[in-house]
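Engineer: In mature numbering (1 follows the signal peptide of the UniProt record, and there is no 0), the protein residues as written are -17 to -1, 1 to 859. Ideal Cβ positions, reconstructed from N, Cα and C, are used throughout, including at glycine.
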Ligand code: GCU
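Written out as structure tokens, the structure is:
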């Protein structure tokens, strides 16, 4: 089908500030030249059953959308009076009006959209499907796509859920976008406005279920009061066709119910769960079901009583069965305490297949095993979990993560679908037959299952942007679209989202597309290459770099890096045997170094740093080059975004620019930490001589210090020179100062400092006593990552002053003051550090900027060149 996309050069009313709350459902007015070409009926006919049904809200949405997009105020009626109307309803409701439709037989939640005739038909197999059809129609309209269409579409899978990890106290596990919209003070919030708005967003991407509380579940959700509260949540979401489910704590019969046991085969336990379930269904008659994390990371489970995981899952499946509910049982089961790195054969990646071994025929038919995409834990790159090939009788769903837990915590731009696609498009070749994860396995087709699908961990919070930052929303949008159709093109989806979110300007769409598609490869480049996993702080917050934290603990996310070699040997012949968990064709591929793709080499093999990759580079040189390339790509993002100034609204422009500049700085922290670590451990130099070589950086400890002392940093490589400076008390003004010996030129001057949680230091930078600018260490109010009180790679931050004219002999001084915002938080430390970076080529052709020859030369050798000062301030 040839699609007619209308682009425009006209202005889009950009003056109006936008805060992101409307996400991709802005219904911004199309430019007049497009509106003039739109033919649209004069009324909407809603064939709804009740005033709270999805068809009712679909018609309201249609009215609202058309008013916004076209400026037309259509009547909404409930009967078809003439053929010039947009009719919304189920196929059944439509045919009872004695009208004809060409809609084919539809699957559950599917819909038929016909815009070719004077009567536009938006007909669902059920009410939810009709609502999805309306969102599809509005999406086309909002994108200026006026192609006449007549087609039906059906979901690839029946389960398209999201999992919030919200705690009852209102915090969110791995939440980077504010507090919960569902819970507060161990109860359900009174005002459900945001909950309904969230359901609307979910419906627009065809998500049909949500588990509202953390998998590390608090039994108190099952109190009488909270069960009634869940009823309110379900009432708010039901009109949007989103069914509510909850996570359970396996030990609830004991901890909440006062029983002596939580043995899943104990009669009193079974009765307790059935009783609780019956009560829940009184409050939430259409409850989707339960989600259970058991015997994992300290959570209770059936293994405590020597019962199988199937015994545990079936307990819940039986309780919800009479109501049509399902029991999602997580495959994320492993022993986080007893893995020993000293044992070459120990491997957490083996856990899921081993724990579920022999159980495939033991699960009830309404149990769905929910499997994380890879065998470890949402890493920047993992092979697909082999468990998908083993669960042939049992229903299964994939667990993706929109929450960017190991992926920059929504402070780094990372468009995730290209990574998801490495999993979903993977052919597991079960029994030598085509077994593509998305198309064949999760669709249920490969093993003839009716139940199957998708769950994604999401950390929507109270922040008006939903996910804490605007561009992260492409991941949520794309998730729904991919769960509906895993074969869909992730670039087309991204561009739909971008047009809906930012308008039709081609430069905007192209720039967002380019940045988004570069973002995951860049992030992988600067955080963890060749399948080694995200080299973050795995024993703490999973945010900044800390490669040494991966090893020497029982968490099993090991790299086995020593002075000569790195990687997990997961072969059958010599390693943990993990590769043998795959069907034979895939197992053979991964068993051999020759056939293992470079990007998973260190996942499957332990090799010397000098091992030569298929690319021709050694492993260690690949590490160095990739980290420099990744950080360089990240540093191009602010410039790309800045080219959109004036083309998108000011508020979203500024908020995003701030994040991208932060990311560019943090990518350098990542780069330097990791290359320095592997340079140290391997002793192998970088052939390009970049690692540890910072001619344009001045270390704080080498500057003239006033009321500062030199101190350490942990991990050591989170500061070049491994040292920082820190004030010894808060009552005295402090400063650092240095005289610059660089050639005259125009420079970007970057200051690196450590922005710690609690307390806010104030900084001002002077050049020859003239202020260049000031800032506060207040990222806790601006970014959502897991904050830290340490001088480390999480708190390491850079601010940059652009286009600074510097003469040889100029004096740079940074002064620090402290203002304490929350009075209670006085006893914590604030630290900072400084960099000066020489100008990059960006300004070379600007008339009033002169860049010295040497600066030019150096900037082309190494993207990051600078003066480096590190200066902490101590608050007592
Ligand atoms: C990760 C994550 C935890 C989470 C767990 C899970 O380990 O860091 O916060 O509870 O996954 O998926 O259950």
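With a threshold of 16 other CB atoms inside 10 Å of the CB of residue 82, please say whether the residue is buried or exposed.
Structural biologist: With fewer than 16 Cβ atoms within 10 Å of its Cβ, residue 82 is classed as exposed.
Engineer: For residue 184, which of 5, 733, 684 and 14 has the nearest alpha-carbon?
Structural biologist: With distances taken between Cα atoms, residue 184 lies closest to 5.
Engineer: Going straight from the alpha carbon of residue 216 to that of residue 707, what length do you get?
Structural biologist: In a straight line, the C-alpha of residue 216 is about 49 Å away from that of residue 707.
Engineer: Would you check if the distance between the CB atom of residue 171 and the CB atom of residue 213 is smaller than 8 Å?
Structural biologist: The answer is yes: Cβ separation under 8 Å.
Engineer: Using a threshold of 7 Å, is the CB atom of residue 235 nearer than that to any non-hydrogen atom of the ligand GCU?
Structural biologist: Answer for residue 235: no, Cβ out of range of the ligand GCU.
Engineer: Which first and last residues belong to the beta strand (DSSP E) in which residue 745 is found?
Structural biologist: Looking at the DSSP string, the run of the beta strand (DSSP E) that includes residue 745 is 743 to 750.
Engineer: For residue 696, list the residues DSSP reports as bridge partners.
Structural biologist: Residue 696 is not bridged to any residue.
Engineer: For the candidate residues 398, 191, 63 and 379, whose alpha-carbon lies nearest to that of residue 617?
Structural biologist: Closest option to residue 617, Cα to Cα, is 398.
Engineer: Does the beta carbon of residue 363 fall short of 7 Å from some heavy atom of the ligand GCU?
Structural biologist: Checking the Cβ of residue 363 against the ligand GCU gives no.
Engineer: If you drop the 5 nearest sequence neighbours on each side, which residues of the same chain put their C-beta closer than 6 Å to that of residue 196?
Structural biologist: The answer, listed in chain order, is 149, 204, 229 and 230.
Engineer: Which of the three DSSP states is assigned to residue 863 in this structure?
Structural biologist: Nothing can be reported for residue 863: it is not among the residues displayed for the chain, which extend from -17 to 859.
Engineer: With a threshold of 7 Å (Cβ to nearest heavy atom), would residue 157 be considered close to the ligand GCU?
Structural biologist: Correct: residue 157 has its Cβ closer than 7 Å to the ligand GCU.
Engineer: Got a sec, what are the start and stop residues for the beta strand (DSSP E) residue 332 sits in?
Structural biologist: That residue, residue 332, is in no beta strand (DSSP E); it is neither H nor E in DSSP.
Engineer: Give the C-beta separation of residue 351 and residue 309 to the nearest angstrom, bearing in mind that I take them to be a contact with Cβ-Cβ under 8 Å.
Structural biologist: Confirmed, about 6 Å.
Engineer: Per the DSSP calculation, residue 311 is bridged to which residue(s)?
Structural biologist: Answer is 274 and 351.
Engineer: Could you give the distance in angstroms between the alpha-carbon of residue 824 and the alpha-carbon of residue 331?
Structural biologist: Legend: pLDDT at residue 824 = 24, less than 50; position of this residue unreliable, value from coordinates given subsequently. So the alpha carbons of these two residues sit roughly 47 Å apart.
Engineer: Taking only heavy atoms of the ligand GCU into account, decide whether any of them is closer than 7 Å to the Cβ of residue 315.
Structural biologist: Yes, Cβ of residue 315 sits closer than 7 Å to a heavy atom of the ligand GCU.
Engineer: I'd like to know whether the C-beta atoms of residue 74 and residue 45 end up nearer to each other than 8 Å.
Structural biologist: The answer is no: Cβ separation not under 8 Å.
Engineer: Give the straight-line distance between the Cα atoms of residue 466 and residue 181, rounded to the nearest whole angstrom.
Structural biologist: Between residue 466 and residue 181, the C-alpha separation is close to 18 Å.
Engineer: Return yes when the Cβ of residue 796 is within less than 8 Å of the Cβ of residue 436, no when it is not.
Structural biologist: Cβ distance not < 8 Å, so residue 436 and residue 796 don't count as in contact.
Engineer: Residue 455: which of 430, 503 and 472 sits nearest, CA to CA?
Structural biologist: Selected option, being the one with the closest Cα: 503.
Engineer: Where do the ends of the beta strand (DSSP E) carrying residue 235 lie?
Structural biologist: Run containing residue 235: none in the beta strand (DSSP E); it sits in the alpha helix (DSSP H), 235 to 238.
Engineer: Does the ligand GCU have even one heavy atom less than 7 Å from the beta-carbon of residue 360?
Structural biologist: For the ligand GCU, at least one heavy atom lies less than 7 Å from the Cβ of residue 360.
Engineer: Would residue 381 pass as a contact of residue 354 if the rule is Cβ separation under 8 Å?
Structural biologist: Yes, Cβ-Cβ distance for residue 381 and residue 354 is below 8 Å.
Engineer: At 4 residues or longer, what runs of the alpha helix (DSSP H) sit wholly inside the region 97 to 181?
Structural biologist: Qualifying alpha helix (DSSP H) stretches, in chain order: 110 to 125.
Engineer: Return the chain-ordered list of same chain residues with a C-beta closer than 7 Å to the C-beta of residue 548, the five sequence neighbours on each side being excluded.
Structural biologist: Excluding positions up to five away in sequence, the list reads 589, 590, 591 and 592.
Engineer: Please state if the CB of residue 339 and the CB of residue 297 are separated by a distance shorter than 8 Å.
Structural biologist: It is not a contact, given that the beta carbons lie outside the stated cut-off.
Engineer: Here's the rule I'm using: 16 or more other beta-carbon atoms within 10 Å means buried, otherwise exposed. How should residue 716 be labelled?
Structural biologist: Under this definition residue 716 is an exposed residue.
Engineer: By alpha-carbon positions, which one of 237, 191, 665 and 47 ends up nearest to residue 272?
Structural biologist: Measuring from the Cα of residue 272, the nearest candidate turns out to be 191.
Engineer: Please state whether the Cβ-Cβ distance between residue 510 and residue 653 is less than 8 Å.
Structural biologist: Yes, these two residues count as a Cβ contact at 8 Å.
Engineer: Do you know how far the Cα of residue 433 is from the Cα of residue 312?
Structural biologist: When rounded, the distance between both Cα atoms is 17 Å.
Engineer: Quick test of your reading: residue 564 and residue 333, contact by CB under 8 Å. State the CB separation rounded to the nearest angstrom.
Structural biologist: About 7 Å separates the two Cβ atoms, so the contact holds.
Engineer: Threshold first: 4 residues or longer. Then list the alpha helix (DSSP H) segments lying entirely within the region 421 to 477, N to C.
Structural biologist: 456 to 467, all fully within the region 421 to 477.
Engineer: Which first and last residues belong to the beta strand (DSSP E) in which residue 786 is found?
Structural biologist: Counting along the chain, the beta strand (DSSP E) containing residue 786 begins and ends at 779 to 789.
Engineer: Could you give the first and the last residue of the continuous beta strand (DSSP E) run that contains residue 56?
Structural biologist: Careful: residue 56 lies outside any beta strand (DSSP E) and carries neither H nor E.
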